[in-house]
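Q:
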Amino acid sequence: MNPTPDSPRPSSYLRATLAVAWKDLAAELRSRELLSAMLVFSTLVILIFYFALELDVKARNGITAGALWVTFAFAGTLGLNRSMAIEKDRGCLDGLLLAPVDRSAIYFGKALSNLAFMLIVEIIVLPLYSVMYNINLFNPGLLAVTLLGSIGYTAVGTLLATMSVQTRTRDVLLPILLFPVVIPVLVAAVKASSGYLTGADINEITPWINILIVYNIIFIAVAFMVFDFVVEE
Amino acid sequence: MPSQPRALQLLNILSALLLAAAAIMVFTYAPTEKVMGEVQKVFYFHVATAWVGMLGFIVAAVVAIIYLRTKDLKWDAIGLAAVEISLVFFFVAIFLGSIWARPAWGTWWTWEPRLTTAAILEMVYLAYLLLRQGLEDPERRARFGAVYTILGGLSVPLTFISIRIFRTIHPVIIGTGGSEKMNMEPAMLTTMFFSIFVFSIIFVTLFWHRIRLGQYAEKIEHLKLKLSQ
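Next up, the structure:
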């Protein structure tokens, strides 16, 4: 890929980011412990929703978007926790930090792999939900919203997971830290998704898409700026 | 342990006097609202406490940025003080609002943008305190606390906006405003601004006390560390 060893910084930055992400994906391909846990968990949440809310045909249409995002959010914390805990427990994080790359590259690499895990789960959960509840979720708008929402969720989630694994309370702390600050994403994603599912007017959906985009830009920028402070020794 | 500085002692007394004056003003000077009656009087302190909560929220976010730039633990103590005061005052504001909302809107709680945002902000603060509790190293605690305050400071306004949109798209069942100040009596306005002023003074007083407390806590931590070595 790189023509010379001392190639300009951007490409080496990108390479470092992709290397971190690739490392996670390769490890996951071998162990499959993270994805399988997220998937089983998501399926269980969907099943529990059926019993808890008695999702009959009429209730389903109104609630689907909410049920989906609750599932994604919970499964997401599971994945985020695990992905950072692995780094911390085996001392891998220290190793990563010793690497002569910009630290934000590590953040983007981790965020990218977390996003990939979340998207894989969503790609499997969406058809599963469609089949189980006999509702067609294959809607380009819905898929775009899912992507946008997942980006915002993992951007903040990766940063907060890096913090929470370094605390005494660890796994317990992540959802408590994450959910209050990720509410704009959840509100906007649920509203936009249900807008697409019920065939609402595009003018009603646009504000939510805008919020998602603004949130993503702001929080990716902030995470980029503050990640150094979170991994500093 | 040095005693309280003269200015702080003065502020203590001033705060107490002003609070009493504001209470008297609310009950005697401000006219009773025609429709809502006596319960509307809770409004003055409600606005004032919410204002203090807002002040603490902004101070905390600004101080968090200053801390990350300077790495001076003094700023961490100030940030924590601001968060704690804001937490308490927003709680008081929500509580007072509830008292007012019951007769006015017929419900203790409604998913109104301001109310919901205040509740979520309280959650952010509680998460902040839990985060700090889980960290022993004061320097790391300060850093993580500052980062989380900044995240909260950015997401809470977005939360407000998103709930707002949510509310304008869907018709509102119960009146949103309540505190629309368009047609308020001059005496009412004066009382409101006086209350806001009084609570701002109380904010300064409490803030000062809380920062001093933080400094002592830090001193004790140092002493404990010395003892254990």
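Top line first, the protein sequences correspond to chains A and B. Counting from 1 along the first sequence, just add 34 to a position and that's the residue number in our numbering. Counting from 1 along the second sequence, just add 1443 to a position and that's the residue number in our numbering. We put the beta carbon where it would ideally sit given N, CA and C, even for glycine.
Starting from the Cα of Pro174 of chain A, find the closest Cα among A:Gly233, A:Phe85, A:Ser76, A:Ser70 and give me that residue.
A: With distances taken between Cα atoms, Pro174 of chain A lies closest to A:Gly233.
Q: What do you get for Ser184 of chain A, buried or exposed, if any count of 16 or more other CB atoms within 10 angstroms of its CB means buried?
A: By the 10 Å Cβ count, Ser184 of chain A comes out buried.
Q: Give a yes or no on whether 8 Å exceeds the smallest Cβ distance from Val1590 of chain B to chain A.
A: Yes, Val1590 of chain B lies at the interface with chain A (some Cβ there is under 8 Å from its Cβ).
Q: Between the Cα of Asn115 of chain A and the Cα atoms of A:Val159, A:Arg124, A:Leu68, A:Phe75, which residue gives the shortest distance?
A: If we check each option's Cα against that of Asn115 of chain A, A:Leu68 comes out closest.
Q: In terms of residues, what are the limits of the alpha helix (DSSP H) holding Ser147 of chain A?
A: First-last of the alpha helix (DSSP H) with Ser147 of chain A: 137–167.
Q: Out of A:Ile157, A:Arg204, A:Ala101, A:Lys144, which has the shortest C-alpha to C-alpha gap to Asp123 of chain A?
A: Looking at the Cα atoms, A:Arg204 is the closest of the given residues.
Q: Could you check if Met259 of chain A is buried or exposed, using at least 16 other CB atoms within 10 Å of its CB as the buried criterion?
A: Classification of Met259 of chain A: exposed, given that the 10 Å Cβ count is below 16.
Q: Taking contact to mean 3 or more Cβ pairs, one atom from each stretch, closer than 8 Å, check whether the segment 1488–1502 of chain B and the segment 1528–1543 of chain B are in contact.
A: With a cut-off of 8 Å, the segment 1528–1543 of chain B and the segment 1488–1502 of chain B count as touching, because enough Cβ pairs lie within range.
Q: Nearest CA to the CA of Lys92 of chain A: which residue from A:Tyr167, A:Ala119, A:Arg202, A:Gly125?
A: Out of A:Tyr167, A:Ala119, A:Arg202, A:Gly125, A:Tyr167 has the C-alpha closest to the C-alpha of Lys92 of chain A.
Q: Quick one: grab the DSSP three-state call for Gly1756 of chain B.
A: Because chain B in this structure spans residues 1444 to 1672, residue 1756 of chain B falls outside the shown range and cannot be described.
Q: Out of curiosity, what's the CA-to-CA distance linking Ser1643 of chain B and Phe1488 of chain B?
A: Cα-Cα distance, rounded: 12 Å.
Q: Does the CB of Ser1446 of chain B have a neighbour CB from chain A at under 8 Å?
A: Cβ-Cβ to chain A under 8 Å: no for Ser1446 of chain B.
Q: Could you tell me the alpha carbon to alpha carbon distance between Ile1528 of chain B and Val74 of chain A, rounded to whole angstroms?
A: Cα to Cα, the separation comes out at about 43 Å.
Q: Counting only Cβ-Cβ distances shorter than 8 Å, please list the residues of the segment 225–248 of chain A near chain B, keeping chain order.
A: Taking 8 Å as the Cβ-Cβ cut-off against chain B, the residues of the segment 225–248 of chain A that qualify are Lys225, Glu238, Pro241, Trp242, Ile245, Val248.
Q: For Asn250 of chain A and Ser1605 of chain B, I'd like the C-alpha separation in whole angstroms.
A: Distance between the alpha carbons of Asn250 of chain A and Ser1605 of chain B: 14 Å.
Q: Along chain B, which residues have their Cβ under 9 Å away from the Cβ of Phe263 of chain A?
A: Leu1511, Arg1586, Phe1587, Ala1589, Val1590, listed in chain order.
Q: Going by C-alpha to C-alpha distance, which of A:Ala53, A:Tyr230, A:Ala226, A:Glu266 sits closest to Ala139 of chain A?
A: Here the closest residue by C-alpha is A:Ala53.
Q: In the DSSP assignment, what are the bridge partners of Glu267 of chain A?
A: Looking at the DSSP assignment, Glu267 of chain A forms no beta bridge with any residue, so it has no partner.
Q: Nearest by alpha-carbon distance to Ser227 of chain A: which of A:Ile82, A:Phe213, A:Ala178 is it?
A: Minimum Cα distance to Ser227 of chain A is reached at A:Ala178.
Q: Ser1671 of chain B by DSSP, collapsed to three states: which one?
A: Helix at Ser1671 of chain B.
Q: Once you ignore the five residues that flank Gly1620 of chain B on each side, which residues in its own chain have a CB closer than 7 Å to its CB?
A: At Gly1620 of chain B the pLDDT is 49, less than 50, meaning the model places this residue with poor confidence; the figure from the coordinates comes in the next sentence. Within the same chain, Gly1620 of chain B has no close Cβ partners at all.
Q: Note down, in chain order, every chain B residue with its Cβ under 8 Å from the Cβ of Met118 of chain A.
A: Per Cβ cutoff of 8 Å: no residues; Met118 of chain A is ~14 Å from chain B at best.
Q: Check the Cβ of Met197 of chain A against every Cβ in chain B and list those closer than 8 Å, keeping chain order.
A: Leu1574, Phe1587, Val1590, Tyr1591, listed in chain order.
Q: Answer yes or no: do Ile1563 of chain B and Val1599 of chain B have a C-beta to C-beta separation smaller than 8 Å?
A: Yes; because the gap between Cβ atoms is below 8 Å, this pair is in contact.
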